[in-house]
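S.K.:
Protein chains: 2
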Amino acid sequence: MSLATDTTDQLTLYKRIRADIENRILTGEWPPGHRIPFEHELVARYGCSRMTVNKALSELAQADLIERRRRAGSFVRRPQHQSAVLKIADMRAEITALGRAYGYELIGRKLRAATAADRDRLGVKKAAKVVAITCRHSADNVPFAVEDRLIDLASVPDAATADFSREPPGSWLLHHVPWTEAEHTISAIVADDRTAEALDIAVGAPCLVIDRYTWRSARTITAVRLLYPGDSHRLVARFKGG
Amino acid sequence: MSLATDTTDQLTLYKRIRADIENRILTGEWPPGHRIPFEHELVARYGCSRMTVNKALSELAQADLIERRRRAGSFVRRPQHQSAVLKIADMRAEITALGRAYGYELIGRKLRAATAADRDRLGVKKAAKVVAITCRHSADNVPFAVEDRLIDLASVPDAATADFSREPPGSWLLHHVPWTEAEHTISAIVADDRTAEALDIAVGAPCLVIDRYTWRSARTITAVRLLYPGDSHRLVARFKGG
DNA sequence: TTGACTTATATGTCTAGACATATAATCGTG
DNA sequence: CACGATTATATGTCTAGACATATAAGTCAA
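Note that the protein sequences, when read in sequence, are chains Z and R. The opening position of the first sequence corresponds to residue 1 in the working numbering, with each subsequent residue numbered one higher. The opening position of the second sequence corresponds to residue 1001 in the working numbering, with each subsequent residue numbered one higher.
1. Using a Cβ cut-off of 7 Å, pull out every chain Z residue sitting near R:ILE1189, in sequence order please.
2. For R:TRP1124, which residues of its own chain have a beta-carbon under 6 Å away from its beta-carbon, when the five flanking residues on both sides are left out?
3. Quick check on R:GLN1010 - is its C-beta less than 9 Å from some C-beta in chain Z?
4. Compute the Euclidean distance between the alpha carbons of R:ASP1163 and R:VAL1131, then round it to the nearest angstrom.
5. Along the alpha helix (DSSP H) that carries Z:THR195, what are the first and last residues, could you check?
6. Answer yes or no: do Z:VAL156 and Z:VAL142 have a C-beta to C-beta separation smaller than 9 Å?
7. Give a yes or no on whether the C-beta atoms belonging to Z:SER187 and R:GLY1230 are separated by under 9 Å.
8. By how many angstroms is the C-alpha of Z:LYS110 removed from the C-alpha of Z:ASP148?
9. Does the separation of the CB atoms of Z:LEU150 and Z:ARG121 fall below 9 Å?
10. Got a sec? Which residues, its chain only, sit under 8 Å from R:ARG1078 by beta carbon, not counting five neighbours each side?
11. Within the 9 Å Cβ cut-off, does R:VAL1224 reach chain Z?
12. Check whether the Cβ of R:GLU1039 lies closer than 9 Å to any Cβ atom in chain Z.
13. In chain order, what are the residue ranges of uninterrupted beta strand (DSSP E) at least 3 long that sit wholly in the segment 1026 to 1088 of chain R?
14. How many angstroms separate the CA atom of Z:THR8 from the CA atom of Z:ASN23?
15. Taking DSSP's pairing of strands, which residues face Z:LYS15 in a bridge?
16. When burial is assigned at 16 or more other CB atoms within 10 Å of the CB, is R:ARG1238 buried or exposed?
17. If you count every other CB in all the chains shown that lies within 10 Å of the CB of Z:ARG212, and 16 or more means buried, which is it?
18. Go through its chain and collect everything with a Cβ distance to Z:THR95's Cβ below 7 Å, but skip five positions before and after it.
19. Cβ atoms of R:VAL1190 and Z:GLY99: under 9 Å apart, would you say?
20. Could you check the C-alpha separation between R:TRP1030 and R:VAL1076 for me, to the nearest Å?
21. What first and last residue would you give for the alpha helix (DSSP H) that runs through R:PRO1157?
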């Protein structure tokens, strides 16, 4: 089997080298732990300069496919933990992406000094002002999810005056506070009276719960709880890895 | 404000350049759409060769923080969709990572020709042989999740003879069929009699359901349904992005 | 056998060039 | 004005070197 003739693509050299090695790893020809040829060997094999193979190997290392160790060489990494990329677009995008009509309804909005429960939810210690928002998202006029959100005004003062009667707080935040980090907790509950009514489902029906806690460089921004009807299978995540 | 004096870290030059630009983007100083200085400008500013700033910019482009356009320049990208990295380790790792004792119990294992339902679950059309496995994972002797799995023997013939009485099929597969792709569907149900008994919870209690469908280069491998007690908040996902 | 020192070596970073290539901007023409 | 041809330019890739640095492996003494 030749090295690089299976795909006669118009690839640049370093991309071909990278693809060659990637294929060997993905097909299992070079299993985890296997030592990749040294850079100087690849240089000889492909007849190019070391910078070129270095670029290919560096990208493979960045993708966690190989591990590079000084003096020792480069090695195929063992499959990492399966990690799924869960796309949680903002609700409007999520629903319109499904080809359904997006509907939004503000149920409640309150500006208040943080209660003990608020502080706990946001993970802050000192007293602060917060906005509490409850709203509902619907798809084709059917309830899709209810949202219960807390925004820390110390981090996002503009949220005090923002008009959430038309624009969902998630979309608003996405445009005003980019590049955040977040932590998600996914769980299931059975609907209580209030939830059942909001989602138009039966009391005792299963609900999917996503708690998302968002911050930005150690500053809390918002905590949100999303409730979905449990039978809807909407959190689809694809992942690559092994 | 100086360019690179805030962090006097022992970083290599290209990493410092990358960090400088990244900071400017993350702080909002350079908002989406902003044009990054041209390579030759950065060369002048940092007093280095073009390959060095090119490496910094290439990595930022790989990380989707900037977009590079020939002749036009490099531009700060608008925040992508929030995407969460959902780590779904194999169950043993997941439980031991929590510092709890892992327990495994095979409940049933059947080798059979695929039924219509099996084919549907696996997403294959032609008849095939499958292994159906039901098992339970426990943490500190408390039921943690029940697993209901189907393995396509056409793709993984070894699974026919593998001993799943000691080793969970997930771990086994992870070691025998690396580098797969998968799709997850997350939903919620209420426990029926069988589920309630298996998880040692009340009938009607909420359960979190993860359906994972795994393939490898267009070949179906396995379909698994995991049932967790709904109150356990174990699917924690952190994400970065905006 | 163990620990400290030395050496060899593979990777990490960097340079000062080069040519390729896509494309924004300009210029000319109908 | 519209449209096609030309040009300028920023990025993309590549080279043939260089020195730095971490570390596996070998060496030697206690």
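From the three backbone atoms N, C-alpha and C, an ideal C-beta is built for every residue, glycine too. Predicted, not measured: the structure shown is a model, and the values here were computed from it.
M.R.: From the atom records:
1. If you number the second sequence from 1, residue 1189 of chain R lands on position 189. Those are PRO206 and GLY230, listed as they occur along chain Z.
2. The count along the second sequence starts at 1 and reaches residue 1124 of chain R at position 124. Note that residue 1124 of chain R corresponds to Val in the displayed sequence, not to Trp. Contacts found: THR1220.
3. Position 10 of the second sequence, counted from the first residue, corresponds to residue 1010 of chain R. So, not an interface residue.
4. To locate residue 1163 of chain R, count along the second sequence from 1; it is residue 163. To locate residue 1131 of chain R, count along the second sequence from 1; it is residue 131. The alpha-carbon atoms of R:ASP1163 and R:VAL1131 are separated by roughly 12 Å.
5. What you label residue 195 of chain Z is simply residue 195 of the first sequence in a count that begins at 1. Segment 193 to 199, the alpha helix (DSSP H) holding Z:THR195.
6. The residue labelled residue 156 of chain Z in the question sits at position 156 within the first sequence. The residue labelled residue 142 of chain Z in the question sits at position 142 within the first sequence. Taking 9 Å as the Cβ cut-off, Z:VAL156 and Z:VAL142 do not qualify as a contacting pair.
7. Within the first sequence, numbered from 1, the residue matching residue 187 of chain Z stands at position 187. Within the second sequence, numbered from 1, the residue matching residue 1230 of chain R stands at position 230. Taking 9 Å as the Cβ cut-off, Z:SER187 and R:GLY1230 qualify as a contacting pair.
8. On the first sequence, residue 148 of chain Z is found 148 positions in, with the first residue counted as 1. On the first sequence, residue 110 of chain Z is found 110 positions in, with the first residue counted as 1. Those two C-alpha atoms are separated by around 12 Å.
9. The residue you call residue 150 of chain Z lines up with position 150 of the first sequence. The residue you call residue 121 of chain Z lines up with position 121 of the first sequence. In this structure, Z:ARG121 lies closer than 9 Å to Z:LEU150 by Cβ.
10. One-based indexing of the second sequence puts residue 1078 of chain R at position 78. Excluding sequence neighbours, R:ARG1078 sits near PRO1032 and GLY1033.
11. As a position in the second sequence, residue 1224 of chain R is number 224, starting the count at 1. R:VAL1224 does not count as touching chain Z.
12. Mapped onto the second sequence, residue 1039 of chain R falls at position 39. Chain Z, which has no Cβ nearer than 9 Å to the Cβ of R:GLU1039, makes this no.
13. 1066 to 1069, 1073 to 1076 and 1083 to 1087
14. Taking the first residue of the first sequence as position 1, residue 8 of chain Z is located at position 8. Taking the first residue of the first sequence as position 1, residue 23 of chain Z is located at position 23. At Z:THR8, the pLDDT of 47 sits below 50, so the modelled position is not reliable; the number obtained from the coordinates is stated separately. Z:THR8 and Z:ASN23: Cα-Cα distance of roughly 14 Å.
15. For the purposes of this step, residue 15 of chain Z is taken as residue 15 along the first sequence, with counting starting at 1. In the DSSP output, where bridge partners are listed per residue, Z:LYS15 has none listed.
16. Here residue 1238 of chain R refers to the residue found at position 238 when the second sequence is read from its first residue. Unreliable placement is indicated for R:ARG1238, whose pLDDT of 49 sits below 50; the coordinate value is still reported in the next sentence. Classification of R:ARG1238: exposed, given that the 10 Å Cβ count is below 16.
17. Residue numbering aside, residue 212 of chain Z sits at position 212 when the first sequence is read from its first letter. Label assigned to Z:ARG212: buried.
18. Here residue 95 of chain Z is taken as the residue at index 95 of the first sequence, counted from 1. Per the sequence presented here, residue 95 of chain Z reads as Ile, with Thr not at that position. Taken in chain order, the residues that qualify are TYR102, HIS137, ALA139 and PHE144.
19. By 1-based counting over the first sequence, the position of residue 99 of chain Z is 99. By 1-based counting over the second sequence, the position of residue 1190 of chain R is 190. In this structure, R:VAL1190 does not lie closer than 9 Å to Z:GLY99 by Cβ.
20. Taking the second sequence and counting its residues from 1, one reaches residue 1030 of chain R at position 30. Taking the second sequence and counting its residues from 1, one reaches residue 1076 of chain R at position 76. Computed Cα separation, rounded: 7 Å.
21. Here residue 1157 of chain R is taken as the residue at index 157 of the second sequence, counted from 1. R:PRO1157 -> no alpha helix (DSSP H), and no H or E assigned at all.
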